[in-house]
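If you want the working numbering, it's the 1-based position in the sequence shown plus 3. For glycine and all other residues, C-beta sits at the position ideal for the given N, C-alpha and C.
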Amino acid sequence: MLPNEGEKIEFEPERLNMIKAAAEPHRMRILVALLEKEGTITSLSKSLNYSKQLLIHHLGVLEKNRLVLKRRVENAEVYSISEAAKIIVSEVLKIHSRMEEVESPRVAAGAETRVVTEPALRRTDSFLKLMPLIIGVSVALFASVRGVLEGQPLWILSGTLVGVCLYVIVSKLIRHALTS
Numbered sequence: 004m005l006p007n008e009g010e011k012i013e014f015e016p017e018r019l020n021m022i023k024a025a026a027e028p029h030r031m032r033i034l035v036a037l038l039e040k041e042g043t044i045t046s047l048s049k050s051l052n053y054s055k056q057l058l059i060h061h062l063g064v065l066e067k068n069r070l071v072l073k074r075r076v077e078n079a080e081v082y083s084i085s086e087a088a089k090i091i092v093s094e095v096l097k098i099h100s101r102m103e104e105v106e107s108p109r110v111a112a113g114a115e116t117r118v119v120t121e122p123a124l125r126r127t128d129s130f131l132k133l134m135p136l137i138i139g140v141s142v143a144l145f146a147s148v149r150g151v152l153e154g155q156p157l158w159i160l161s162g163t164l165v166g167v168c169l170y171v172i173v174s175k176l177i178r179h180a181l182t183s
């Protein structure tokens, strides 16, 4: 609700700090996960595919800003979402769903702008997921052909190793880019 004209707005620093802490994408994903079900570092790490160190850092920030609650159950620390965080998350999710209704993904194409459909976005994701395999196999295949043609078995071995390394590196980079 917007204030009336001339009405002074008072911002509570504590509430603004809570919103700021929740606004970080990793923390928002953690809060949404806790909204569905409370969890431990291990369970959250598995469900969100985050490292434990990353979770510990973000849960510490969320706990400091009173967005998550921590309690000990036997040997485990169980995290749950606070009431203030539930309000913040629900408002963010409402705004997010309204924004999706209003905006559709657009890509500039020269002077004109065209709407990118969901299948086109999925095709891009599929291609990105195949890219590491294409790169790794291409390098290994090139080195193998050259090794066979020149009678150099080390080309075959080194090309295969470089192909595997490139596959691992590129797949991690793409996975990181897609989750960021």
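*Proximity winner among Leu133, Lys23, Asn78, relative to Arg178 (alpha-carbon distances)*: Among Leu133, Lys23, Asn78, the Cα nearest to that of Arg178 is on Leu133.
*asked:* So, with DSSP's three-state summary, where would you put Tyr82?
replied: The answer is strand: DSSP assigns Tyr82 an E or B state.
*Return the first residue and the last residue of the alpha helix (DSSP H) that Leu164 is part of.*
That run of the alpha helix (DSSP H) goes 156–182.
_Give me the residue from Val165, Pro135, Lys23, Ile137 with the minimum Cα distance to Ala146._
Nearest of Val165, Pro135, Lys23, Ile137 to Ala146, Cα basis: Val165.
*Buried/exposed call for Val171, threshold 16 Cβ in 10 Å*: Exposed, since its Cβ has fewer than 16 Cβ neighbours within 10 Å.
_Closest to Trp158 by C-alpha separation, out of Glu80, Leu169, Ala143, Cys168, would be which residue?_
From the listed residues Glu80, Leu169, Ala143, Cys168, the smallest Cα separation to Trp158 is found for Ala143.
*Taking Ala25 as the reference, give the member of Lys67, Gly42, Glu77 with the closest Cα.*
Here the closest residue by C-alpha is Lys67.
*Helix, strand or coil at Arg18 [DSSP, three-state]*: Collapsing the DSSP output to three states places Arg18 in a helix.
*Take the Cβ of Leu19 as the centre, count every other Cβ of all protein chains shown within 10 Å, and call the residue buried at 16 or more, exposed below.*
Around the CB of Leu19, fewer than 16 other CB atoms lie within 10 Å, so the residue is classed as exposed.
_Please report the distance separating the alpha-carbon of Ala79 from that of Lys73._
If you take the alpha carbons of Ala79 and Lys73, they lie about 10 angstroms apart.
*Residue nearest to Thr45 in terms of C-alpha spacing, selected from Ile59, Leu34, Leu65, Leu38*: Selection Ile59, Leu34, Leu65, Leu38 evaluated against Thr45 yields Ile59 as nearest (Cα-Cα).
*Would you say Leu51 and Arg32 are within 7 angstroms of each other, going by their C-beta atoms?*
Yes. Within cutoff.
*asked:* Going by DSSP, what residue range makes up the beta strand (DSSP E) through Lys11?
replied: It is not in any beta strand (DSSP E) - Lys11 carries neither H nor E in the DSSP assignment.
*Bounding residues of the beta strand (DSSP E) (the contiguous stretch that carries Leu37)*: Counting along the chain, Leu37 sits inside no beta strand (DSSP E); it lies in the alpha helix (DSSP H) bounded by residues 28–39.
_Rounded to whole angstroms, what is the Cα-Cα separation between Gly154 and Leu37?_
Separation of Gly154 and Leu37 (C-alpha to C-alpha, rounded to the nearest whole angstrom) is 59 angstroms.
_Alpha carbons only, please: which of Lys40, His29, Glu39 is nearest the one belonging to Lys55?_
For Lys55, the nearest C-alpha among the options comes from His29.
*For Val71, is the classification buried or exposed, using 16 other Cβ atoms within 10 angstroms of its Cβ as the cut-off for buried?*
Buried, by the Cβ-count rule.
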